[in-house]
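Presented below is the structure to which this report refers.
Numbering (our numbering), first residue to last: 518 to 652.
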């Protein structure tokens, strides 16, 4: 689904791939979270694979809007193709989400490329087994 210049793709069950292209507005963050919620509603959880090669800025309002996803059963996020600046931004944003939501089963990892990200998703899915559905 196109969300501004960004894109979400529902891939294997419970996996949403996010491609960020440019700055993220609060309204776009909310729409991205809606896509995560759709996957979680269908499969009981969501794993996210985010390509941030072309990430821009994320204003404070957009960062705050991440809390709208507190109810989504996130079970892991892998972020790849990061620059130093994008890794800092993603670390701050994901750290805040985990702090405010108490997400215990939501590890966030940074990997080099899509191949490593897919391997991590496969391992994560295996390690979760049936526990992925537990809230």
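Quick reminder that beta carbons are idealized off the backbone N, C-alpha and C, glycines included. It should be emphasised that the depicted structure is a prediction, and the values quoted were computed from it without experimental measurement.
Under the assumption that residue i contacts residue j (Cβ atoms under 8 Å), give the Cβ distance between them as a whole number of angstroms.
i: residue 521; j: residue 545; result: 5 Å
i: residue 566; j: residue 592; result: The Cβ separation is near 12 Å, so there is no contact.
i: residue 627; j: residue 604; result: 6 Å
i: residue 538; j: residue 571; result: 5 Å
DSSP state of residue i, grouped into three classes?
i: residue 629; result: coil
i: residue 608; result: helix
i: residue 557; result: helix
i: residue 643; result: helix
i: residue 551; result: helix
i: residue 587; result: coil
i: residue 567; result: strand
i: residue 592; result: strand
When we look at the beta-carbon of residue i and count the other beta-carbons within 10 Å, is it buried (16 or more) or exposed?
i: residue 629; result: exposed
i: residue 599; result: buried
i: residue 576; result: exposed
i: residue 644; result: exposed
i: residue 564; result: buried
i: residue 632; result: exposed
So what does residue i bridge to, in DSSP terms?
i: residue 527; result: 533
i: residue 580; result: According to DSSP, which records beta bridges pairwise, residue 580 is partnered with nothing at all.
I need the straight-line Cα distance from residue i to residue j, nearest angstrom please.
i: residue 532; j: residue 526; result: 8 Å
i: residue 578; j: residue 543; result: 6 Å
i: residue 590; j: residue 547; result: 16 Å
i: residue 587; j: residue 594; result: 14 Å
i: residue 601; j: residue 608; result: 11 Å
i: residue 523; j: residue 536; result: 6 Å
i: residue 557; j: residue 550; result: 10 Å
i: residue 470; j: residue 622; result: This structure cannot settle anything about residue 470, because the visible part of the chain is limited to 518 through 652.
i: residue 581; j: residue 625; result: 18 Å
For chain B, is any of its Cβ atoms less than 7 Å away from the one on residue i?
i: residue 604; result: Considering every chain present, this structure includes no chain B. It has just one protein chain.
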